[in-house]
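Beneath this line is the structure, given in structure tokens, with notes to follow.
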Amino acid sequence: MTDLEKYDDTFTTSFSIQQEDLKGLVYQGTPAWDSVGHMGLIAALEETFDVMMSTDDIVDFSSYEKGKELLNKYDITVA
Amino acid sequence: MDTEAKVLRDLSAYDIQQYQQNRYPVLFIDYVEEAIPGESAKGFKNFTFNEWYFPAHFEDEPNVPGFIQVEALTQLFLMTFLTLPGNKGKKTGFVSIENARFKKKIIPGDRLDIQATLKSYRRGLARGTSVGYVNGEMACSAELFIAVPDVLNQFTPAGKHL
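Going down the list, the protein sequences come from chains A and B. Taken in order, the first sequence gives residues 0 to 78; the numbers are from numbering that gives the first Met the number 0. Taken in order, the second sequence gives residues 0 to 161; the numbers are from numbering that gives the first Met the number 0.
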């Protein structure tokens, strides 16, 4: 499984959504991506990629696309 | 600001209210014997016939309503992480309650001894278990998932704009 597939899988599993829902998805763009869901997503991504994200990056993680950009900082190529 | 977590012992109802915002008539723990911040807490609630809900639940068979048992379990659980540095006095909210079990009817005169264990606390989200005993016999238990909105919002994209 590629890093992108892992990234997508974490999103779809965390929010119980489909692959086709991911493009353009933003924070609070689906009911499950609320403040609690955000922490769940971050925790799941940290576990999946074995990283510890900074507070600034967690706050900046405002969309599916932005998340890809941020994870590149941790040497995870999902773009 | 408190910067160091230390073990707390023998907290009265007044002391408890410095750590959490529950107040009469919905403060459901009387005493905290020990709170180890980030780990565990134990304490108790005495149920007397003067409790406001006994005349209504039920007139001919007074016993503690399940939601109050859950609240008592939760309020003791709160002491495991509201005692952490920076969390004192913050409001909390339920995220989920799972596997709530009620094994024994709790009646006027009973003392509910509660033991709460924090499994994880991270970025304003606490997970753990709380178990209540009457006379050493398990009476109720629940797995709890609690949020501290003030802390949680510091880590959300929306929180950036608050």
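Ideal placement from N, C-alpha and C gives every residue a C-beta, glycine not left out. All values derive from a computational prediction rather than experimental measurement.
Every unbroken stretch of the beta strand (DSSP E) spanning 3 or more residues and falling wholly within the stretch 67–124 of chain B is given here in chain order: 92–101, 110–121.
Here Thr128 of chain B carries a strand assignment [DSSP, helix/strand/coil].
Taking 8 Å as the cut-off, the Cβ atoms of Ala71 of chain B and Ile28 of chain B count as close. Burial is judged here by how many other beta carbons sit within 10 angstroms of a residue's own beta carbon; Lys44 of chain B has at least 16 and is buried.
Uninterrupted alpha helix (DSSP H) stretches at least 4 residues long and entirely within the stretch 27–55 of chain B do not occur. Phe53 of chain B is outside the set of residues whose beta carbon lies under 8 Å from a beta carbon in chain A. Taking 7 Å as the Cβ-Cβ cut-off, the stretch 134–156 of chain B approaches chain A at Ala146, Leu151, Asn152, Phe154, Thr155, Pro156, given in chain order. At least one C-beta of chain A is nearer than 8 Å to the C-beta of Val94 of chain B. Contact of Phe60 of chain A with chain B by beta-carbon distance below 8 Å involves Pro156. A distance below 6 Å between beta-carbons, with the five flanking residues on each side excluded, links Lys5 of chain A to the following residues of its chain, in chain order: Thr47.
Comparing alpha-carbon positions, the option among B:Ser39, B:Asn98, B:Glu58 lying closest to Ala141 of chain B turns out to be B:Asn98. Close to chain B, meaning a Cβ-Cβ distance shorter than 9 Å, are the following residues of the stretch 27–49 of chain A: Gln27, Asp33, Ser34, Val35, His37, Met38, Gly39, Ile41, Ala42. Lys103 of chain B and Val133 of chain B do touch by the CB rule: their CB atoms are close to 6 Å apart, below 8 Å.
Looking at the DSSP output, Ser62 of chain A shares a beta bridge with A:Val25. With respect to the 8 Å criterion, Gln114 of chain B and Val130 of chain B are classified as neighbours on the basis of their beta carbons. With a 10 Å radius around the Cβ and a threshold of 16 neighbouring Cβ atoms, Trp32 of chain A comes out buried. Taking 8 Å as the threshold, the shortest C-beta distance from Arg100 of chain B to chain A does not fall below it.
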